[in-house]
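Residue numbers (my numbering), protein chains in the order written: chain A, 39 to 462; chain B, 39 to 462. All C-beta atoms in this analysis are idealised placements derived from N, C-alpha and C, irrespective of residue type, glycine included. Keep in mind that this is a model prediction, so the values were computed, not measured.
There are 2 protein chains.
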Amino acid sequence: MKIRFYNARILTMRDDEALFEGELWTEDNLISYVGDKKDNSGERFDREIDCKGNVLMPGFKNAHTHSGMTAMRSYADDLPLQAWLNEKIFPMEAKMTGEDCYELSRLAVLEYLTSGVTAVFDMYLDPDHIAKCAMDTGMKFVQVSGINKFGPTLEVLEDRYLRLNGVSPLSSFKLGFHAEYTCDLSLLEGIAALAHKYKQPLWTHNSETEFETKDCIKRYGKTPTELMDSLGMFEYGGGGYHCVHFSDHDIEIFKNRGCTVVTNPGSNTKLASGIAPIQKFLDAGVPVAIGTDGPSSNNCLDMFREMFLVTGLAKLSTKDASAVDGLKVLKMATVNGAKAMGLDDADVLEKGKEADLIMIDLHQPNMQPLNNIAKNIVYSGSKQNVSLTMVHGKILHENGEFFIGEDPEVIYQKANEIIKRLSV
Amino acid sequence: MKIRFYNARILTMRDDEALFEGELWTEDNLISYVGDKKDNSGERFDREIDCKGNVLMPGFKNAHTHSGMTAMRSYADDLPLQAWLNEKIFPMEAKMTGEDCYELSRLAVLEYLTSGVTAVFDMYLDPDHIAKCAMDTGMKFVQVSGINKFGPTLEVLEDRYLRLNGVSPLSSFKLGFHAEYTCDLSLLEGIAALAHKYKQPLWTHNSETEFETKDCIKRYGKTPTELMDSLGMFEYGGGGYHCVHFSDHDIEIFKNRGCTVVTNPGSNTKLASGIAPIQKFLDAGVPVAIGTDGPSSNNCLDMFREMFLVTGLAKLSTKDASAVDGLKVLKMATVNGAKAMGLDDADVLEKGKEADLIMIDLHQPNMQPLNNIAKNIVYSGSKQNVSLTMVHGKILHENGEFFIGEDPEVIYQKANEIIKRLSV
Chain A
39 MKIRFYNARI LTMRDDEALF EGELWTEDNL ISYVGDKKDN SGERFDREID
89 CKGNVLMPGF KNAHTHSGMT AMRSYADDLP LQAWLNEKIF PMEAKMTGED
139 CYELSRLAVL EYLTSGVTAV FDMYLDPDHI AKCAMDTGMK FVQVSGINKF
189 GPTLEVLEDR YLRLNGVSPL SSFKLGFHAE YTCDLSLLEG IAALAHKYKQ
239 PLWTHNSETE FETKDCIKRY GKTPTELMDS LGMFEYGGGG YHCVHFSDHD
289 IEIFKNRGCT VVTNPGSNTK LASGIAPIQK FLDAGVPVAI GTDGPSSNNC
339 LDMFREMFLV TGLAKLSTKD ASAVDGLKVL KMATVNGAKA MGLDDADVLE
389 KGKEADLIMI DLHQPNMQPL NNIAKNIVYS GSKQNVSLTM VHGKILHENG
439 EFFIGEDPEV IYQKANEIIK RLSV
Chain B
39 MKIRFYNARI LTMRDDEALF EGELWTEDNL ISYVGDKKDN SGERFDREID
89 CKGNVLMPGF KNAHTHSGMT AMRSYADDLP LQAWLNEKIF PMEAKMTGED
139 CYELSRLAVL EYLTSGVTAV FDMYLDPDHI AKCAMDTGMK FVQVSGINKF
189 GPTLEVLEDR YLRLNGVSPL SSFKLGFHAE YTCDLSLLEG IAALAHKYKQ
239 PLWTHNSETE FETKDCIKRY GKTPTELMDS LGMFEYGGGG YHCVHFSDHD
289 IEIFKNRGCT VVTNPGSNTK LASGIAPIQK FLDAGVPVAI GTDGPSSNNC
339 LDMFREMFLV TGLAKLSTKD ASAVDGLKVL KMATVNGAKA MGLDDADVLE
389 KGKEADLIMI DLHQPNMQPL NNIAKNIVYS GSKQNVSLTM VHGKILHENG
439 EFFIGEDPEV IYQKANEIIK RLSV
């Protein structure tokens, strides 16, 4: 399958490369050309797409989410994190089947596609069904284990790690755990041993709330980050989701260990968890990526909302309108996410890289005039501007239509049936 | 013109009325029926619209904006308010013609329609050209004077007030001024006298930044609100835009004077101005409406972003995830805005009210499942969900198409030409 995108504005997201007018070709799952307008006589394409001056750029990487939580969107709002989790979410999840997980992840895929997301870093209940969702829909899922003291066992985690990596270019599996506060010390030690055995990075929810952080200090005399580091958990890098209540020492540990912060400002805002110190992370040279968190705590899977919140909350909390410039945020949402997720071949638009890309429609009032197109995307962009989403060389969403092998109405109906059953 | 919307979910926004399934009829500019499914034999409609289970609700009221600033979107970002205003915006505005103002307001209208906005409370440079924009496009503009010590005169203000009210049901004009810090005392006294003469409410930017508030205290020994109140400016109500740095005494004054706060969280976030104390306003019984502010400081005109920020920032700043529930926010964005703008006939869906309404598409992944539709709109809603916007009984936007008497591409081109000329 060879596709030619012509008459485009191209934002490769390669360091400091300015947006330029040109074209891009894909061949199967790879980008085969990016550059100026090119003579295509002699080339045969399966499809030629006139981009009408719209932007092609790398797809967004949603670097922290719980896709299967779509069922609980707007089901338990306006509650603090611990009450929301213990009283509402955990009891419902206990009733959720693998098939439910598959269906609810498909619903999330639809929403990712409308938001220009081409890969997700997903932590949820049934990794086998989620891997199937990735392969069936065509979305790229990098799964991460959410193991905790309620399950599964370390043996299951190891089995999943070995079995679910490599089954498909759309599906991979990283070592991780739910959070310090849902694991006991021996389990954390076991997880660290696995990371050492396979020389792998580790990922987890880290310092999301003030309560979590203080409680860890009370129990261990260490912050969650200090505890994890003392257990050797960051020997091969990795990072944390949320990282709201980070001390200067925690930041130093992340810097020294080459760890990445995945910030989730929508969720942290709605659950009143706090504002992550993004400017401090940048000053220290700690890479930051962006995730939506799950749709029950956000409640949407919208990278545009997240991007505005990353820069906006940094400006608010530092009282400095120049903090965390929009262009840095665009890099977090694309390149940094790809690196964090181990998708080094899906970070920028370049010959030989994965064809994971989106088209941003500039023929919309919120994108006009064209003073600064990249800043328009961050500061005034919205899902309405995503006119095409291509993952692994396949167009999964175009002009409002979905091509994921299922009628969206069927997926909506199933999600409504599932929540009805779970909430009984 | 008689239109029948059937097979709808209806959110009237009348106090405590739950969403119900039914239909709605319009006749010219008015709603002629709202209720259960109705036998329509014998009725003749010009058009019958199958809503397919989607939501009909009152249009959003954007209760503070500067429409003509679309030219400067993404033109001067990442700057604090005073530098942004004095070094970038004022010099460009000095070169702006009335015709520019007309064109740039038309660009804003396109964006309002995509966001389900059916009326705007607009403060900008050339009220005659803006009134023409309202009448030509069909959007409802409630203009408010932005008089300050650089112009125009009190005589011009009075003339505009008398001349521009009543020219069209789409155009009205309120007394107001730019801000305390851009007016000297004698001008403020003159404005207060006009408000008394015509028994009218007064509107202005109020306590947007900490600097502005402290500087006023230094000059007058009073906060901006105390100063305005001491001049009798709130004798007939009105209110303030932004109201970020409000003392408890300021809140008390607003409560006693029946004034409304129009909050602008997107702008306050991006310019690092601060977080308005929304929960305190609600506790005190001060009504709150919502505005986007202008597209140069936000940078979009998106009521969905604003709604999420209103509840989210309230939750963050009070450290209480239950603060300012989403349903209250929906009321602010519709009913409270209408009341603040003097549009008492455009607040809710009810027989005899203005046909200013929108359709929210539930057949989108971010609206599924249907656990709580009203909360879905606030917490996960997005411009992509606005499938129809009707103002004064006329459909101006439907399924991505615009019906405002001009090709959007012409408007985009003119906006680009204008910014090119202004920025020389």
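Under the three-state DSSP convention, the category residue i falls into
i: B:H430; result: coil
i: B:G106; result: helix
i: A:K76; result: coil
i: B:D174; result: helix
i: B:L213; result: coil
i: B:N410; result: coil
i: A:K353; result: helix
i: A:E273; result: coil
i: A:Y450; result: helix
i: A:Q402; result: coil
i: A:R85; result: strand
i: B:D288; result: helix
i: B:T251; result: helix
i: B:A230; result: helix
i: B:H435; result: strand
i: A:F441; result: coil
Beta-carbon neighbours of residue i, restricted to chain B and to distances below 9 Å
i: A:E149; result: Q402, P403, N404, Q406 and S418
Closer than 7 Å at the beta carbon, the chain B residues around residue i
i: A:K350; result: With the sequence shown as reference, residue 350 of chain A is identified as Gly, and Lys is not the correct amino acid for it. Simply T307 and K308.
i: A:N409; result: R111, S112, Y113 and I457
Pairwise C-alpha distance: residue j and residue i
i: A:C281; j: B:F284; result: 31 Å
i: A:L354; j: B:E344; result: 15 Å
i: A:N294; j: A:N45; result: 44 Å
i: B:F342; j: A:A146; result: 20 Å
i: A:L463; j: A:L232; result: Residue 463 of chain A lies beyond the range of chain A shown here (39 to 462); nothing can be said about it.
i: A:G204; j: B:D358; result: 44 Å
i: A:M39; j: A:L68; result: 10 Å
i: A:Q422; j: A:V300; result: 25 Å
i: B:Y219; j: A:K377; result: 48 Å
i: A:E447; j: B:Q406; result: 10 Å
i: B:G304; j: B:V416; result: 15 Å
i: B:G275; j: B:K212; result: 12 Å
i: B:V11; j: B:I316; result: Because chain B spans 39 through 462 in this model, residue 11 of chain B falls outside it and cannot be assessed.
i: B:L320; j: B:F272; result: 19 Å
i: B:H234; j: B:L351; result: 36 Å
i: A:T191; j: A:F128; result: 18 Å
i: B:L226; j: B:R47; result: 48 Å
i: A:A169; j: B:H401; result: 26 Å
i: A:A114; j: A:L123; result: 10 Å
i: B:S70; j: A:N437; result: 35 Å
i: B:F98; j: B:G154; result: 6 Å
i: B:G312; j: B:E248; result: 8 Å
Bridge partners - residue i, DSSP secondary structure assignment
i: B:T242; result: B:F215 and B:G278
i: B:P96; result: B:L395
i: B:K40; result: B:E65
i: A:S206; result: A:S209
i: B:Q181; result: B:D160 and B:F211
i: B:T298; result: B:G277
Where residue i meets chain B, residues with beta-carbon distance less than 8 Å
i: A:N414; result: R111, S112 and N337
i: A:T152; result: Q402, P403, N404 and Q422
Chain-ordered chain A contacts of residue i [CB-CB under 7 Å]
i: B:P315; result: Under the 7 Å cutoff, chain A gives no residues; its nearest Cβ is about 14 Å from B:P315.
Partner residues on chain A for residue i, Cβ-Cβ distance less than 9 Å
i: B:G364; result: S112, D115 and D116
Where residue i meets chain A, residues with beta-carbon distance less than 8 Å
i: B:A359; result: D116, L117, P118, L119, W122, K308, L309 and A310
Checklist entry - Using 8 Å as the threshold, is the stretch 440-449 of chain B in touch with the stretch 389-399 of chain A, meaning 3 or more CB pairs across them? => result Fewer than three Cβ pairs drawn from the stretch 440-449 of chain B and the stretch 389-399 of chain A lie within less than 8 Å of each other, which leaves the two stretches out of contact.
Checklist entry - Is there contact between the stretch 43-55 of chain B and the stretch 383-390 of chain B, where contact requires at least three CB pairs shorter than 8 Å? => result Yes, the stretch 43-55 of chain B is in contact with the stretch 383-390 of chain B.
Checklist entry - Should the stretch 124-142 of chain A be regarded as contacting the stretch 192-199 of chain A, the criterion being three or more beta carbon pairs within less than 8 Å? => result As far as the Cβ criterion goes, the stretch 124-142 of chain A does not touch the stretch 192-199 of chain A, which means the pair count is below three.
Checklist entry - Is there contact between the stretch 403-412 of chain A and the stretch 227-246 of chain A, where contact requires at least three CB pairs shorter than 8 Å? => result When Cβ pairs closer than 8 Å are counted between the two stretches, the stretch 403-412 of chain A is seen not to touch the stretch 227-246 of chain A, the count staying below three.
Item to check | Stretch-stretch touch, CB-based, cutoff 8 Å, three pairs: the stretch 79-97 of chain A with the stretch 369-382 of chain B | outcome: No contact exists between the stretch 79-97 of chain A and the stretch 369-382 of chain B.
Item to check | Segment contact, 8 Å Cβ cut-off, at least three pairs: the stretch 417-435 of chain B with the stretch 131-138 of chain B | outcome: Touching, no, given that fewer than three Cβ pairs across the two stretches are closer than 8 Å.
Checklist entry - Should the stretch 149-160 of chain B be regarded as contacting the stretch 115-129 of chain B, the criterion being three or more beta carbon pairs within less than 8 Å? => result Output reads no: the stretch 115-129 of chain B does not touch the stretch 149-160 of chain B.
Checklist entry - Per the contact definition of three or more C-beta pairs closer than 8 Å, is the stretch 98-107 of chain B in contact with the stretch 160-177 of chain B? => result Contact holds: three or more Cβ-Cβ distances are below 8 Å.
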